[in-house]
Amino acid sequence: MKHAGKAQAAALKIIFFSLGAVLLLLLVGFLASKFGGFILGLSGLLAVLWLLFAIFTFNFFRDPDATVPPGKKLVLAPAHGTVDLIDETEELEFMGGKCRRISIFLNVFDVHVQKAPLSGKMVFHKHRDGQYLSATRSDCAEFNENVLIGFIPAEAPEQKLGVRLIAGLIARRINVWAAAGETVAAGERISLVQFGSRGNVYLPMSATIKVKLGDKMVGGESILATLN
Numbered sequence: 000m001k002h003a004g005k006a007q008a009a010a011l012k013i014i015f016f017s018l019g020a021v022l023l024l025l026l027v028g029f030l031a032s033k034f035g036g037f038i039l040g041l042s043g044l045l046a047v048l049w050l051l052f053a054i055f056t057f058n059f060f061r062d063p064d065a066t067v068p069p070g071k072k073l074v075l076a077p078a079h080g081t082v083d084l085i086d087e088t089e090e091l092e093f094m095g096g097k098c099r100r101i102s103i104f105l106n107v108f109d110v111h112v113q114k115a116p117l118s119g120k121m122v123f124h125k126h127r128d129g130q131y132l133s134a135t136r137s138d139c140a141e142f143n144e145n146v147l148i149g150f151i152p153a154e155a156p157e158q159k160l161g162v163r164l165i166a167g168l169i170a171r172r173i174n175v176w177a178a179a180g181e182t183v184a185a186g187e188r189i190s191l192v193q194f195g196s197r198g199n200v201y202l203p204m205s206a207t208i209k210v211k212l213g214d215k216m217v218g219g220e221s222i223l224a225t226l227n
């Protein structure tokens, strides 16, 4: 599948960098052993801490394939996480006005590879710098760094759908793999947000919401709404 393996590549990059840092510290500890055993005694602890960090990183960057459910005009959850906001809002940059919004909070234990919510064309991509407030705040999109992605649904080309990926207190990197002008399939990998974040989905007012607050989402599989 398109973009498969990119999350694991990002994980390996972080792990190898951290391994180099640990090895450097161990070398310093070995050289310092002539002046005292305390630093050398930390070498075992450092090795254990690095191993735990490597396990956490591999788990964080896991990237399961999505099993896309059958159906017409479905809007799928773009991210794993918990629905903690369902409302109506004004989104002027892409939706052009009033729309429905579903917000999904991703904690550090959720899968952080995002999936296309429907089949269609990605026609909009805008990055905005900002702060790094906690993503547990449902209003963090107003202040935090974020990326807004816009889609034209293949089954409803007269409508629009937006996804805003929001950085958080820990998540400070948003990597969008799909590009504006690219055609995507529902459940296809489109991006990666590293270490805890939030995703807002903007729907037409005519859409029918299929989730409620507190529902757990599986990216590319859970049905958020249907287009009418």
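Note that numbering that gives the first Met the number 0 has the sequence shown beginning at 0, numbered continuously upward. Beta carbons: idealized from backbone N, C-alpha and C, even for Gly.
Does residue 114 come out as helix, strand or coil in the three-state DSSP assignment?
Taking the sequence shown and counting its residues from 1, one reaches residue 114 at position 115. Three-state result, residue 114: strand.
Using only CA atoms, which one of 167, 179, 187 and 211 lies nearest to residue 107?
Here residue 107 is taken as the residue at index 108 of the sequence shown, counted from 1. Considering only alpha carbons, the answer is 167.
Taking contact to mean 3 or more Cβ pairs, one atom from each stretch, closer than 8 Å, check whether the stretch 176 to 184 and the stretch 155 to 166 are in contact.
Verdict: no, contact absent.
What is the DSSP secondary structure of residue 11, reduced to helix, strand or coil?
Counting from one through the sequence shown, the residue named residue 11 turns up at place 12. Judged by DSSP in its simplified three-state form, residue 11 adopts helix.
What would DSSP say about residue 56, mapped onto helix, strand or coil?
If you number the sequence shown from 1, residue 56 lands on position 57. In the three-state reduction of the DSSP assignment, residue 56 falls in the helix class.
In whole angstroms, give me the CA-to-CA distance for residue 226 and residue 18.
Indexing the sequence shown from 1 puts residue 226 at position 227. Indexing the sequence shown from 1 puts residue 18 at position 19. Rounded to the nearest whole angstrom, the CA to CA distance from residue 226 to residue 18 is 48 Å.
Let's see if you can read the secondary structure: which residues bound the beta strand (DSSP E) around residue 83?
Here residue 83 is taken as the residue at index 84 of the sequence shown, counted from 1. 80 to 90 is the extent of the beta strand (DSSP E) around residue 83.
Top-ranked residue by Cα proximity to residue 103, from 137, 193 and 124
Your numbering for residue 103 matches position 104 in the sequence shown. The candidate whose alpha carbon is nearest that of residue 103 is 137.
If you draw a straight line from the C-alpha of residue 198 to the C-alpha of residue 16, how long is it?
In the sequence shown, counting from the first residue as 1, residue 198 sits at position 199. In the sequence shown, counting from the first residue as 1, residue 16 sits at position 17. The C-alpha of residue 16 is placed about 28 Å away from the C-alpha of residue 198.
Between residue 205 and residue 64, what straight-line distance do the alpha-carbon atoms span, to the nearest angstrom?
The residue you call residue 205 lines up with position 206 of the sequence shown. The residue you call residue 64 lines up with position 65 of the sequence shown. Spanning the two alpha carbons is a distance of roughly 30 Å.
What first and last residue would you give for the beta strand (DSSP E) that runs through residue 225?
The residue labelled residue 225 in the question sits at position 226 within the sequence shown. It spans 222 to 225 - the beta strand (DSSP E) in which residue 225 sits, taken as one unbroken run.
State the beta-bridge partners of residue 201 as determined by DSSP.
Taking the sequence shown and counting its residues from 1, one reaches residue 201 at position 202. Partner(s): 100 and 161.
Across which residues does DSSP place residue 149 in a beta bridge pair?
Translated into positions along the sequence shown, residue 149 becomes position 150. Within the DSSP bridge table, the entry for residue 149 names 123 and 161 as partners.
Looking at the secondary structure, which residues open and close the beta strand (DSSP E) in which residue 174 lies?
As a first step, residue 174 must be located in the sequence shown, where it is residue number 175. Segment 173 to 175, the beta strand (DSSP E) holding residue 174.
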